[in-house]
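The structure appears right after this line, and notes come after that.
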Amino acid sequence: MNLPKLKLFARRHWLPIGGFVLSLGIAVWFGFTFLADAIYFNDPRHKDAALERWMTPRYVVLSYELPRSVVAEVLELTSEDEGKRRRLGKIAERMDLTLDELTQKVREAAQTYRETQE
0 MNLPKLKLFA RRHWLPIGGF VLSLGIAVWF GFTFLADAIY FNDPRHKDAA
50 LERWMTPRYV VLSYELPRSV VAEVLELTSE DEGKRRRLGK IAERMDLTLD
100 ELTQKVREAA QTYRETQE
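In numbering that gives the first Met the number 0, the protein residues as written are 0 to 117.
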């Protein structure tokens, strides 16, 4: 291969090459996170898991396989909470519930949702 010509090409076309490398990096990142979530949440130990303080509403959506709207309703999330990484510990405190009570509430909502889907 002609290395000097390749270097000249790279210098002249640095912007499209940089864009390609950046796009490739972003695609690899999203592919990895998708695969990691798929493997993690297909493990039976993580299905319908008891809620813990560090968990987020997104974790509940993935663990219980519920739509965001159902989880938002159960956790009493407002439109202001949209896109914010709220922890279930803070949400339980705001709702004046223990995590066990909140877990029971989520499980009841999940059962109701699943019954309506059958």
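Ideal Cβ positions, reconstructed from N, Cα and C, are used throughout, including at glycine.
Where residue i falls: helix, strand or coil (DSSP)
i           : result
residue 53  : coil
residue 45  : helix
residue 84  : coil
residue 65  : coil
residue 77  : coil
residue 92  : helix
residue 114 : helix
residue 97  : coil
Inter-residue spacing [alpha-carbon to alpha-carbon] between residue i and residue j
i           : j          : result
residue 86  : residue 96 : 14 Å
residue 103 : residue 22 : 43 Å
residue 73  : residue 19 : 43 Å
residue 81  : residue 9  : 43 Å
residue 45  : residue 25 : 27 Å
Environment of residue i [buried if 16+ CB atoms lie within 10 Å]
i           : result
residue 62  : buried
residue 56  : buried
residue 16  : exposed
residue 105 : buried
residue 91  : buried
Option in the options with minimal Cα separation from residue i
i           : options        : result
residue 75  : 53, 54, 101    : 101
residue 60  : 52, 51, 53, 70 : 70
residue 123 : 88, 26, 83     : Past the boundaries of the shown model lies residue 123; the chain is included only from 0 to 117, so the question cannot be answered.
- Message: Does the segment 35-54 come into contact with the segment 62-72, if we say contact requires no fewer than three beta-carbon pairs (one atom in each stretch) closer than 8 Å?
- Response: yes
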